[in-house]
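As they're listed, the protein sequences go chains A and B.
Just so you know, we're using the numbering used here here: the first sequence kicks off at 99 and counts up by one.
Just so you know, we're using the numbering used here here: the second sequence kicks off at 410 and counts up by one.
Quick reminder that beta carbons are idealized off the backbone N, C-alpha and C, glycines included.
Treat the numbers as computed from the prediction; the structure is a model and nothing was measured.
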Amino acid sequence: MQSENFAKRYGLVIATGLVVGAAAVALTFWGNPANMGFCIACFLRDIAGALNFQRAGFDAEVGTGIVQYIRPEIIGLVLGSTAIAFLRGEFKPKGGSSPMIRFIVAVFVMIGALVFLGCPLRMVIRIGGGDLNAVVGLAGFAIGILIGIQFLQRGFSLRRAYQQSMAEGLVFPALMAVLLVLVVMAPSFIIFSAKGPGFQRAPIAAALVIALVVGVLAQRSRLCMVGGIRDAVMFKDFRLISGFAAIIAAVLVGNLILGRFNPGFAEQPIAHSEWLWNLLGMVLVGWGSVLLGGCPLRQLILAGEGNTDSAVTVTGFIVGAAVSHNFGLASSGTGIGTGPVAIAVAAGFVVLGVISVMNMQKLEG
Amino acid sequence: MVDARGYSCPTPVIMVQKAVKEGSPKKLEVAVDNQCSVENVTRFAQSAGYKVAVADFEGDFKLTLTK
Numbered sequence: 099m100q101s102e103n104f105a106k107r108y109g110l111v112i113a114t115g116l117v118v119g120a121a122a123v124a125l126t127f128w129g130n131p132a133n134m135g136f137c138i139a140c141f142l143r144d145i146a147g148a149l150n151f152q153r154a155g156f157d158a159e160v161g162t163g164i165v166q167y168i169r170p171e172i173i174g175l176v177l178g179s180t181a182i183a184f185l186r187g188e189f190k191p192k193g194g195s196s197p198m199i200r201f202i203v204a205v206f207v208m209i210g211a212l213v214f215l216g217c218p219l220r221m222v223i224r225i226g227g228g229d230l231n232a233v234v235g236l237a238g239f240a241i242g243i244l245i246g247i248q249f250l251q252r253g254f255s256l257r258r259a260y261q262q263s264m265a266e267g268l269v270f271p272a273l274m275a276v277l278l279v280l281v282v283m284a285p286s287f288i289i290f291s292a293k294g295p296g297f298q299r300a301p302i303a304a305a306l307v308i309a310l311v312v313g314v315l316a317q318r319s320r321l322c323m324v325g326g327i328r329d330a331v332m333f334k335d336f337r338l339i340s341g342f343a344a345i346i347a348a349v350l351v352g353n354l355i356l357g358r359f360n361p362g363f364a365e366q367p368i369a370h371s372e373w374l375w376n377l378l379g380m381v382l383v384g385w386g387s388v389l390l391g392g393c394p395l396r397q398l399i400l401a402g403e404g405n406t407d408s409a410v411t412v413t414g415f416i417v418g419a420a421v422s423h424n425f426g427l428a429s430s431g432t433g434i435g436t437g438p439v440a441i442a443v444a445a446g447f448v449v450l451g452v453i454s455v456m457n458m459q460k461l462e463g
Numbered sequence: 410m411v412d413a414r415g416y417s418c419p420t421p422v423i424m425v426q427k428a429v430k431e432g433s434p435k436k437l438e439v440a441v442d443n444q445c446s447v448e449n450v451t452r453f454a455q456s457a458g459y460k461v462a463v464a465d466f467e468g469d470f471k472l473t474l475t476k
């Protein structure tokens, strides 16, 4: 087999990054919150709110919280992945690789993401918008990944997965289809914010179609924020990180065109400047995501391909979002949460440490 | 043979990396069960100077690395 040429090796992942970046700017232009064209953590948190698992910022006057909405972007990403996986014969239901450990790690990854105010994807999008707090987050994210790599190199593994039934693999995509029906029908038991970020949303059709396209591309290119830094460090493989860079470039250019590039630390949209917490939150996200084998975006894509461990992980994210908001751990534009943030973050490090150490094993074939 | 079936990346690549480091074998067979791992192991093996051939293996994939 010939060595891949540059275009084949980097073309698809860079194209995906550019599309993700452009899509993020477009979705913001069409109504999504600023610097939040895509944010897997925020959007899963909004879905948790729509299902009334949390009612952060509840306002009695309007009768809703501020982050409650079924984000079609999440549905589109998963179903785009499912569709292309079926077309290419890559839909393979599998699972059983320490699902409960993954669930717990996911809860803490979400807590970390909501302390920072964004998943790794939104971190990159925030950087492209000029939010320097996100550069602090990136430093933490990289530190977290480096910590995780130490354990990977010492044999960390959540053990192997096994083939599952087609029905098992289809549960998560089916749930997304149910959410799609719910967001379109908007029955009264589903709650959509009447104010706040949850009220800022791109039209359903636009969000869904864009996310479907991104879901297809992300499945094909294996785009992953964590994988980018991890592979560059571990294998000197710069393929995935080039996608990461492409997102920043596209978002930057898009924001410059729309006059929305606003460099600085202060008064950034849906962000805070408590640097220590921005850093520590993303250390938790980076480390946890290495243990999970991919960033939250990648988990959605894998769940779409029938990976039930990733489906459990996404469920953990949703529970983590509810925990974050119900216990005052999530930050807001005014600063970190009013709850026991330090205790939660410290607990996260202890839990990740114990899980990392306890799952080091000899990797024999 | 390195049997990395059931593992998701980067574990299969780490297993191959370890096998290559320990013995620098002229020939190495690797089994994986997903296309993503096929791509990742192939990329790693090529960067380590191996030629890679992919074949079907009980419904999964077998990569034969040679140099």
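Roughly how many whole angstroms lie between the Cα atoms of B:C418 and A:G446?
About 24 Å.
In this structure, how does DSSP classify B:F466 when only helix, strand and coil are distinguished?
The three-state reading of DSSP puts B:F466 in strand, counting E and B together.
According to DSSP, what are the bridge partners of A:S408?
Beta-bridge partners assigned by DSSP to A:S408: none are found.
Length-filtered (4 minimum) alpha helix (DSSP H) runs lying within the segment 290-330 of chain A:
Listed in chain order, they are 302-319.
Taking Cβ positions only, does A:E188 come closer than 8 Å to chain B?
Look at A:E188: its C-beta is under 8 Å from a C-beta on chain B.
First through last residue of the beta strand (DSSP E) which encompasses B:A440:
That run of the beta strand (DSSP E) goes 436-441.
With DSSP as the reference, please indicate the residues paired to A:Q261 in a beta bridge.
According to DSSP, A:Q261 bridges with A:K192.
Would you mind stating whether A:A401 and A:V176 have Cβ atoms separated by less than 8 Å?
Yes, the pair counts as a contact, with Cβ atoms nearer than the cut-off.
Own chain residues within Cβ distance below 7 Å of A:Y108, not counting five before or after:
Same-chain partners within the cutoff: R337, S340.
Should the segment 360-367 of chain A be called in touch with the segment 414-428 of chain A, which here means at least 3 C-beta pairs below 8 Å?
The segment 360-367 of chain A is not in contact with the segment 414-428 of chain A.
Just the Cα atoms here: how many angstroms apart are A:T180 and A:F239?
Answer to the nearest angstrom: the Cα atoms are 29 Å apart.
Simplified DSSP assignment, three categories, for A:G135:
A:G135 falls in the coil class under three-state DSSP.
Taking A:R472 and B:G415 to be in contact with their CB atoms under 8 Å, please state how far apart those CB atoms are, rounded to whole angstroms.
With chain A running from 99 to 463 in the structure shown, residue 472 of chain A is simply not present.
Using DSSP's beta-bridge definition, name the partner residues of A:F254.
Looking at the DSSP output, A:F254 shares a beta bridge with A:M458.
Can you name the residues of chain B whose CB is closer than 7 Å to the CB of A:L250?
Chain B residues near A:L250: P419, I423.
Residue ranges of each alpha helix (DSSP H) within the segment 380-452 of chain A, 4 or longer:
If we require 4 residues or more, the alpha helix (DSSP H) runs fully inside the segment 380-452 of chain A come out as 394-402, 406-424.
Compute the beta-carbon to beta-carbon distance between B:V441 and B:D469, rounded to the nearest angstrom, for a pair I have assumed lies under 8 Å.
Their Cβ separation, rounded to whole angstroms, is 7 Å, which keeps B:V441 and B:D469 in contact under 8 Å.
Using the C-alpha atoms, what's the distance from A:I209 back to A:R153?
Looking at the two C-alpha atoms, the distance is approximately 16 Å.
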